[in-house]
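Visitor:
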Ligand SMILES: [Ca+2]
Ligand SMILES: [Ca+2]
Ligand SMILES: [Ca+2]
Ligand SMILES: [Ca+2]
Ligand SMILES: [Ca+2]
Ligand SMILES: [Ca+2]
Ligand SMILES: [Ca+2]
Ligand SMILES: [Ca+2]
Ligand SMILES: [Ca+2]
Ligand SMILES: [Ca+2]
Ligand SMILES: [Ca+2]
Ligand SMILES: [Ca+2]
Ligand SMILES: [Ca+2]
Ligand SMILES: [Ca+2]
Ligand SMILES: [Ca+2]
Ligand SMILES: [Ca+2]
C-alpha cells in the first residue's frame, strides 16, 4: 500500500490499539503527537467533536457540547485518537463552560506549540439559555498573534439560529 | 471531582438554589457575577436566549424574541442563571423592541464593565413585519471601541430568510 | 368589497378592536365564536401557536411551547383573536405540560362542541429533556369518535429530530 | 415539434395571450378548461400557489397564503393561467381564511366536476397565530367519496414546525 | 472482479459506449432492458431524474422538472443510460406537464411490462404557479392493480412547502 | 407597567388604532416616526417584510417579494405599523423591481434622515428567473457614506441557493 | 397562581430540589411518578432526550444517542426530573445499543404500568455505521397490544437521511 | 461496570480487535452474530451505512451509496463491526445497484434468519440520474410475511427531493 | 396605475409579447436594455437563473446549471425576458462550463457596459464531480476594477455542502 | 453545433472514452490538461468531489471525504474526467487526512502551475471525531501569494454544524 510510512508513526501508540484505557478523571497526559510532514506550509486542521460531556461544578448535572478545534500546526500535530481520549477525561470532571474551552486550548498549546489555534464550544441549554464560549491564540511575536486578534474581532457575526429544539 | 473550586463561586447564589424567586417586574438588580479566570486572554462568551418575552407599551400584547448576547469579559462575568432571572423580569414589562435590546446591553455594561459586548434581538412578526434590533459597545479608549465600529460596519450583510412561517 | 358579510360577525367583538384587554390569569371566558358557513362539509382548521408560555407549578420558572390545534367544526368556530387572548391568559398560570394541553382541548370542546379536535404541545427543554403531550377527541357516537382512536393509534411515528439547539 | 396538438387547445384563450386582463374583484368566470387526454386513468394533478393574497373582512388588512390544490380529473381539467387569474381576483376581496379555501374548492368543483379534489391554505400569522384550513371532496356515489373521508381522517398528522420566522 | 457477469448484459448497448447519439425529438425506441435477476421477489427500483426539460406546446418556452419513477420489475428492467437518453428526447418536444408524465409511464409499461409503476413530475413555476402531476399503474388482475388504487388514495397528503425561491 | 412612557408616543397614531385605513395607491405620506431614545449610540434596526406585492408596469401581473430594510437611526425612527401601511400602498401600483426598491429607500431617507440605510428585495420568479435588487445609502460627509461604499463592495458574495421550488 | 395544586405533587421529591444527587451507576430506583389527572382519556406524552450517553461493553468507549420515549399513561406518569436522573445513571454503564433501549422500556413499564409505550434510540456512528434500535409495548389483552403490533408493522418506513456529518 | 456480560459476547471476535483484516473481495463469511437477549419481543434494529462503495460491472467506475438496513431479530443478531467489514468487501466488487441491495439482504437472511428485514440503497447519480433500490422479506408462514407485503405496498410514497447537488 | 411610465419602456419589445420566438442556437443579439432611472446611485441587481442547460462539446450530453448574475448598472440595464431568451439559446449549444460562464459575462459587458458584474455557474455533477466556475469584472480605471479584485480575493470561502443527492 | 472547437481538445483523451482504465494505486500521471481560453482574466473554478475514499495508514480501515478544490487558472486547466480518475487512485492508498489534502494540492500545482489554488477535505468521523484539513497556495512573488495568506487568515470562521448524524 502506498502512502504514509509506518516509521513516521512511532509516537502513535493509541490508534488501532485494542486495549485502550479510558481515563475517568481529567487527564491531559493522554495526548500524543506525530510530526507535521508539511512544515513549510501554513495550513489548517479542524476537529469536529460533537460528543463532549462534562459536569456542572455546582449542581453536578451533566453538560453536553460540540467542540470545534482548528489549528495551524508548527512541528507537531495532535493524533486524533489521543484527542478523543483526552476529551473523554472531562466526562466526570466539573467546570464552567467558559473554563473547559480555555483549558482545552491551553493543553493543546502546551502539547503542540502550534502557530495558531482556536476552540469553540457550543453547549446545550440549561434553564432556557445556552452558552457558547470561544477562545483563540497566535504564537507570540509572529504574524499569527495578529491573526488571532483579527479573527477575534471578526468572530461570529452571524450567530446560528437557536430555538432550543 | 476535579475542576472549578467552590470557593471561586461565593458570589453565585442562584445557581442550583431550590427556592429561586422570579421577579414579575423589570429588575436588573437580580444579576450576579463571578470572576473571570482568564483575564489575560481576550475571548468571547455567547448566550443564546430563545425564551424572551415582553409586552407592547401601547397595545399590551405580548412580544417574543430570541436574544443573542456576545461579550469579551474583563474582570467580571455574568452568571447564567441570574441572567435568566433578569430576562424573565421583562415578562410583564412594556417596551419597544429597539428599547429592550438597548436596555439589556446597558444593564450588562453596568454590571460587568466588559471589554466588548453586543446584543441582537430577533422578534416574531406583528402585522406581517418582524423587527430585529442590534446594538454593540467597546470600552472607550481601548481597541475594543474600534472593534465595535468595525462590527457595526459589517453587521448582518446576509439577512436570514424570513417567511413568517 | 366582496366576501364575508359584516352581519355574520356580530359575535366577533375582539378582532380589530383597539382597546383589547389582556387577562393575566387563566380565563377561558374570553373565547368567542362565529358561525360555520360550511356545516354540510367536514373540513379541518389548524391553528399554529408558537408563542405559548406558562409557569412551572413547582419551581415557577417559565415554560415555552408551540401549540398546534386542529379541529373539524360543527356549528360554531373559534375566532382567532379570542383564541390568542385565551392562550395569553396562561402567561402567569402554573401547570404541568400534560395538563395545559388537556385543559386547552377541554375548553375548546366546551366552547365549540366540534366534531373532532386535537391539541399538540411542543415545549422547550428543561434539564436536557423536552416534553410534547398530544391529546385528541371525537364526538361521542359519531364516526369522529372512531377517528380519534385511529389518529391516536397512528400518532407521531416519526418524531422530529431534537438536538436542544 | 412533436407533442400536444394545437387543436386540442381551442378553449385555452389566456395561455400565451399578450393582452391579459387582471380582474380586481372576485371573478370565478375567468376559469377555463381543456380536455383530459387520459380519462381512463385516475391520476393526480397538484398546483402549488405561493402567491395568494386577500383582505381581512373586518380590519381590511392584507392576508397572504400558499394554496395547495390537488385533484383527480374526470373529463375537464383547469388551465393553469386561468387559475392564476382566478386566484388574482381575491386580491382586493375580503374573507375569512376558512371561507376562501372552501370557495376556491367550490368554484373548481363547479368548473371541472372532478373525481376528487382538495384545497389546503397555509396563511401567514396575525397576532402570533397562523391558520391553515383544509377541505376536500369526492364525487358522490363513487369510490372517491369514500376516498375523501379516508384522506380527511388521515389529514396532517405531522403538522410542519412553525416558528413565525 | 466478482459480481454481475458480462453475458447477462448483452442487451445493454449504450452503457459505457463512447459514441452515444442524443435524439433531439421524442424517441421511446432508444429504451433498452436487461433481465431481472430476482424475479421471485417483489422489490422497488426508483430513478431520481432532476434534469428533465421539455417545451410548452403553446408558447414554446422551456419547462423544467424533476421526474421520480418507481417500479416493481417483472421480467425486464430498464437500463439507466437508455432511460437518460429517452428523457433527453423530450428536450425539444412540446407537451403539457400532465401529458409528459402520462407518456413516460405509458412508454415504460410498454417496454418492461412491470408489476407496478408510478411517475411523479415536479415542475418549476410559470406565472407564480407550479404543477406536479402523478400517475401510477398496477398489472391488471393482480394484487398490484389494487396496490395502485391504494397508493393513489394515499398520494401526497403532505405536500412539500413551496415558496418559488 | 414599567417601560416606554406613553408621552413619547404622541406621533404614533396608527399603532393599536382600530379604524386603520388601507391606501390602495402608492402613498408615502402614511409613514410616521417616533423619537430615537439612544441617539448617542450607532445601532441597527432591521425590518423583515415577507408580504410585499406590487404589479408589473407592462403586463400588470402581480409580483411578490420579501423586502429587508436595515438602518442606523439618527433622530427619528419609522414606526412599524405605518411602514406596513406604506408597503401595502404598492399593492395596486406598477413598477419594475429595481425601481420599487430604490423608491422605498428614497422615501425612508426623506422621512427619517437616517445615518445609514439599505433595502434588499427578493422577488419570486417570472419565466424561470427571479430578480433581487439591493441599494444602500450613508449620510453625506459622514463616515456612513464610506460605510455604504464598503457594504456595496462586500454585498452578497454568497448568493442563496435558488431552485424556483 | 392558578393551576396544578401542590398537594397532587407529594410524590415529586426531585423537581426543584437543590441538593440533587447524581447516581454514577445504573439505578432505576431513582424514578418517581405522579398521578394522571386525565385517566379517562387516552393521550400521548413524548420525552425528547438528546443527552443520553453510555459505554461500549467491550471497548469501554463512550456512546451517544438521542432517546425518544412516547407513552399513553394509565394511572401513573413518570416525573421528568427523575427520568433525567435515571438516564444519567447509564453514564458509566456498559451495554449494547439494542439492550439499553429495551432496558429503558422495561424499567418504565415496571414503574408506570402504561397503556402503551415505545422507545427509540438514535446513536452516533462508530466505524462509519450508526445503529437505531426501536421497541414498543401495549398492555396485554387490551387494544393497546394490537396497537403495538400495528405501530411495529408501520415503523420507520422513511429512514432519515444520514451522512455521518 | 454494570451492563452486558462479557460471556455473552464470545462469538464477537472483531469488535475492539486491533489487527482487523479488511477483505478486498466480496466476502460474506466475515459476518458474525451474537444472541438476541429479548427474543420474546418483536423490535427493530436499524443500521445507517453512508460509506458504501462498489464498482460498475461494465465501466468499472466507482459507485457510492448510503445503505439503510432494518430488521426484527429472531435468535441471532448481526454484530456491527463485522457488518462494516462485510460492506467493505464490496469495495472492489462489480455489480448493478439493484443486485447489490438484493445480495446484502440475502446474505443477512442466511446469517441471522431474521423475522423481518429490509434493505434500501440510495446511490449517487451517474449521467444525471440516481437509482435507489429497496427490497424486503418476512419469514414464510408467519405474520412477518404479510408485513413484508404491507410495507412494500406502502413503500416510499414521499420520495426525498433530489437536486444532484 | 401609478409607477413606471410606458414611454420609458419603448426598447422593451419582448416583455408581455405573445408571439415570442425562441432561438435554438446561441444568439446574443436577442438581448435588450432599458434605461437606468437611478444612475447617480451605485446599486446591485441579481438574477437567479436555475433553468440553464447546454451540451457537452465532446460527448453532446446535456449539462444543467443554476446561473447567478449580479451587476451594478451604469446607463443601461438588461431586460429580464430578453435575458431569459438569451440563456435559452445555449440549449443546443456545446461548451465547457468554464467557457459558458465567461461567454455570458462577456456578452452582458458588451450589451450594458456595467460598472461591475459577476457570473457564477453551479452545474450538476458528471461522474461524481460537479464544477462551479465564477468570473467577475470592474470597469477599467474606476474603483470598480479594484472592487473586482477584492471580490475575487474573497470569493467563496465557505463552499456549500455538496452530497450529489 | 456552436461552441468549443474540437481542435482545442486534442489533449483530452479520457472524456467520453469508452474503455477508461481505473488505477487502483495512487497515480498522479493520469491527470490531463486543456488550455485556458481566458488567460487575461482571473477567475475561479471549483470542483465538488463528494466521492473521495482512501484507507487509514495504520488500521487500513476506509476513510470517506468530500473534497472541495478551487483554483484560478494560469495557462493550463485540469480536465475533470482525468481529475476523477486521479482521485479514484487514492481508493486503496493509505494516508492521514492531513497528508491526502496536501498531496492533492501539490499534484495539481505540479500539473497546472495555477495562479492560486486551495483544497479542503471534509471527512466522516472515526470514534466520534471528524477531521477537516484545508491548505492553499498562491504563485510566489505575485499578488496571489498574498491572497493565499489573506484567505488562510480568514479561513472557516463559521464551522458548519456537525452532529455525526
Ligand atoms: Ca434549533
Ligand atoms: Ca433541533
Ligand atoms: Ca411567501
Ligand atoms: Ca434545549
Ligand atoms: Ca420560538
Ligand atoms: Ca420560518
Ligand atoms: Ca422553496
Ligand atoms: Ca418560481
Ligand atoms: Ca429553493
Ligand atoms: Ca449533521
Ligand atoms: Ca434543478
Ligand atoms: Ca446536497
Ligand atoms: Ca456521502
Ligand atoms: Ca439535494
Ligand atoms: Ca448531539
Ligand atoms: Ca447528517
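Protein chains in written order, with the numbering used here: chain A, 36 to 200; chain B, 36 to 200; chain C, 36 to 200; chain D, 36 to 200; chain E, 36 to 200; chain F, 36 to 200; chain G, 36 to 200; chain H, 36 to 200; chain I, 36 to 200; chain J, 36 to 200. Don't be surprised by glycine CBs; every beta carbon is placed ideally from N, CA and C. Since the structure is predicted, the reported quantities are computational estimates derived from the model, not experimental observations.
1. Taking 8 Å as the cut-off, decide whether the C-beta atoms of residue 171 of chain A and residue 187 of chain A are in contact.
2. So is residue 157 of chain B buried or exposed if we call it buried at 16+ other beta carbons inside 10 Å?
3. Evaluate residue 137 of chain F with the Cβ neighbour count: other Cβ atoms within 10 Å of its Cβ, from every protein chain shown; 16 or more gives buried, anything less gives exposed.
4. Along the alpha helix (DSSP H) that carries residue 142 of chain G, what are the first and last residues, could you check?
5. Let me see if you follow: with CB-CB separation under 8 Å, is residue 135 of chain H close to chain I or not?
6. Which one or two residues does DSSP pair with residue 90 of chain F in a beta bridge?
7. Does the beta carbon of residue 195 of chain G come closer than 8 Å to any beta carbon on chain A?
8. Taking 8 Å as the cut-off, decide whether the C-beta atoms of residue 49 of chain A and residue 67 of chain A are in contact.
9. For residue 119 of chain B, count neighbouring Cβ atoms within 10 angstroms of its own Cβ and tell me buried if that reaches 16, exposed if not.
10. Looking at the strands, I want to know which residues DSSP matches up with residue 165 of chain F.
11. Just checking: is the beta-carbon of residue 189 of chain G within a distance shorter than 8 Å of some beta-carbon in chain C?
12. Measuring CA to CA, which of B:92, B:166, B:165, B:140 is closest to residue 105 of chain B?
13. Have a look at H:46, H:99, H:174, H:92 and flag the residue whose alpha-carbon is nearest the alpha-carbon of residue 107 of chain H.
14. Who are the near neighbours of residue 190 of chain H in its chain, counting only those whose CB is closer than 7 Å to its CB and skipping five residues on each side?
15. Measure how close the beta-carbons of residue 81 of chain G and residue 103 of chain G come, nearest whole angstrom, since I'm counting them as under 8 Å.
16. Please report the residue range of the alpha helix (DSSP H) in which residue 123 of chain E lies.
17. Specify, as a first and last residue, the run of the alpha helix (DSSP H) that residue 181 of chain E falls within.
18. From residue 62 of chain J to residue 195 of chain E, what distance separates their C-alpha atoms?
19. Our contact map puts residue 184 of chain G next to residue 159 of chain J with C-beta atoms below 8 Å; I'd like the distance itself, whole angstroms only.
20. Less than 7 Å between C-beta atoms, sequence neighbours within five positions excluded: which residues of the same chain meet that for residue 117 of chain I?
21. Figure out for me which residue from C:150, C:193, C:166 has the closest Cα to the Cα of residue 176 of chain C.
22. Write down the C-beta distance between residue 126 of chain E and residue 59 of chain E rounded to the nearest angstrom, noting that I regard them as a contact closer than 8 Å.
23. According to the neighbour-count rule (16 or more other Cβ atoms, all chains shown, within 10 Å of its Cβ), is residue 71 of chain C buried or exposed?
24. Indicate whether residue 182 of chain D and residue 133 of chain E have their beta-carbon atoms separated by less than 8 Å.
25. To the nearest angstrom, report how far apart residue 84 of chain A and residue 84 of chain G are at their CA atoms.
26. Distance cutoff 8 Å, beta carbons only. Does residue 96 of chain B sit that close to anything in chain C?
27. Going along the chain, which residues of the region 159–193 of chain J sit with their C-beta nearer than 7 Å to a C-beta in chain H?
28. Looking at residue 92 of chain J and residue 131 of chain J, is the spacing between their C-beta atoms short of 8 Å?
29. If you follow the beta strand (DSSP E) that residue 263 of chain A is in, where does it begin and where does it stop?
30. Which residue's Cα is closest to the Cα of residue 78 of chain I: F:75, F:142, F:153, F:128?
31. Taking a contact to mean a Cβ-Cβ separation below 8 Å, would you say residue 69 of chain H touches residue 87 of chain H in this structure?
32. Among the residues of its own chain, which have a CB less than 6 Å from the CB of residue 128 of chain E, if the five just before and after it don't count?
Guide: Reading off the structure:
1. Result yes, Cβ atoms of residue 171 of chain A and residue 187 of chain A sit closer than 8 Å.
2. Looking at its Cβ environment, which holds 16 or more other Cβ atoms inside 10 Å, residue 157 of chain B is buried.
3. buried
4. 132–147
5. In terms of beta-carbon proximity, residue 135 of chain H stays away from the interface with chain I, with every pair separated by 8 Å or more.
6. Note: residue 90 of chain F sits in a beta bridge opposite F:97, F:129.
7. no
8. yes
9. buried
10. I:83
11. yes
12. B:140
13. H:174
14. 169
15. 7 Å
16. From DSSP, the alpha helix (DSSP H) with residue 123 of chain E extends over 115–123.
17. 178–188
18. Approximately 45 Å, taken between the alpha carbons.
19. 37 Å between Cβ atoms; not a contact.
20. 49, 65, 66, 67
21. C:150
22. In this structure residue 126 of chain E touches residue 59 of chain E by the C-beta definition: roughly 6 Å separates them, less than 8 Å.
23. Looking at its Cβ environment, which holds 16 or more other Cβ atoms inside 10 Å, residue 71 of chain C is buried.
24. no
25. 19 Å
26. At least one CB atom of chain C sits nearer than 8 Å to the CB of residue 96 of chain B.
27. 159
28. Their beta carbons are under 8 Å apart, which means residue 131 of chain J touches residue 92 of chain J by this criterion.
29. Residue 263 of chain A falls outside the range modelled here, since chain A spans only 36 to 200, and no answer is possible.
30. F:153
31. no
32. So the qualifying residues of the chain are 61, 89.
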